[in-house]
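Input: a single structure, listed below in structure tokens.
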Amino acid sequence: MIGKLTVLAAALATANAHAFLETVTVDGSSYSKTDSDTPIWAWSPDNGPAATVEDINNPNIACHANAEPATSAASVAAGGTVGFGWGQGLHKWGPFLTYAAKCDLGCDPNSAEFYKIGEINIDESGEWPVPKYVDAGQDVPVTLPSSMEDGTYLLRTENINLGAIPAEIYAGCVSVKVTGGGSGLSGETVKFPGAYTGEEPGLTKQPYDVTGPSDYSDLPGPAVAQ
């Protein structure tokens, strides 16, 4: 038993991901991080995690290391779809979460008040979203709530790598301008850092204990806003 646990711990400790947000598709229009005019926030060339559970109050957790504001905001209708194109290298164990904050171009992401607007968890067949979307070359999707009021928003896409010890958090940000919206989102807001303590079950769960959504129902952060 000791031998098996040692091997398992060693495997998890080396299961570090290395990837970042490379493209985004907003209502069918695609943008790259290398475009001269892009809604994707720039970041440090380092493609390691934005933060870990042991470094949960790192300001980089908002939009990655040395984040710089996007040069433009992509137009999207409330109720529209945004697809996040993550690069290869994320580890397979862990969910994707999406947050949105009313935030003009050039705003401070660490001061923004974020609603959670999406979660993609392990599915009933036991497949995590990284192999389902990223490894298959597909965007990680989120549908914007139709209740979002018009204005400029900062969308934050997050992947949690449960396969690392300590768990890692990868983040990327995109600026969008929402049109045709409603009266506003309803729900709890959080800031990054500050949203997580690092002790949430959704950040400390061992991936080998998860075979379906019933084993991992306590994702970190607030409930999805309406």
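Numbering (UniProt numbering), first residue to last: 1 to 226.
Think of the CB as a built atom: it goes at the ideal place given N, C-alpha and C, for glycine as much as any other residue.
In this text the structure is predicted, and so the values were computed from the model without any measurement.
If the criterion is Cβ atoms closer than 7 Å, does the pair residue i and residue j meet it?
i      : j      : result
Phe96  : Val140 : yes
Ala74  : Val176 : yes
Gly151 : Lys116 : no
Gly187 : Ser146 : no
Asn60  : Ala70  : no
Thr98  : Val142 : yes
Lys92  : Pro129 : no
Glu127 : Gly212 : no
Trp86  : Cys63  : no
Pro49  : Tyr216 : no
Evaluate residue i with the Cβ neighbour count: other Cβ atoms within 10 Å of its Cβ, from every protein chain shown; 16 or more gives buried, anything less gives exposed.
i      : result
Pro201 : exposed
Thr204 : exposed
Tyr208 : exposed
Gly180 : exposed
Pro45  : exposed
Gly163 : buried
Pro39  : buried
Thr6   : Reliability of the predicted coordinates at Thr6 is poor, the pLDDT of 37 falling under 50, and the value obtained from them is presented with this limitation in mind. So Thr6 ends up on the exposed side.
Thr34  : exposed
Glu54  : exposed
Glu68  : exposed
Ala136 : exposed
Gly221 : buried
Gly80  : buried
Gly28  : exposed
Glu199 : exposed
Ala19  : buried
Spell out the partners DSSP gives residue i in its beta bridges.
i           : result
Cys173      : Arg156
Val130      : In the DSSP output, where bridge partners are listed per residue, Val130 has none listed.
Glu68       : Ala42
Phe114      : Val190
Trp86       : Leu21
Ala92       : Here the sequence assigns Lys to residue 92, which means Ala is not the residue at that position. Answer is none; Lys92 lacks a bridge partner.
Leu97       : Glu119, Glu158
residue 236 : Because the chain spans 1 through 226 in this model, residue 236 falls outside it and cannot be assessed.
Gly151      : Val178
Is residue i helix, strand or coil by DSSP?
i      : result
Ser29  : strand
Thr6   : Any reading at Thr6 must be qualified, since the residue scores a pLDDT of 37, below 50, and its modelled position is unreliable; the value itself is stated next. Three-state result, Thr6: helix.
Leu144 : coil
Val53  : helix
Ser214 : helix
Ile165 : coil
Asp204 : Residue identity check: residue 204 is Thr in the sequence provided, not Asp. Helix, per DSSP.
Ile61  : helix
Val224 : coil
Asp209 : helix
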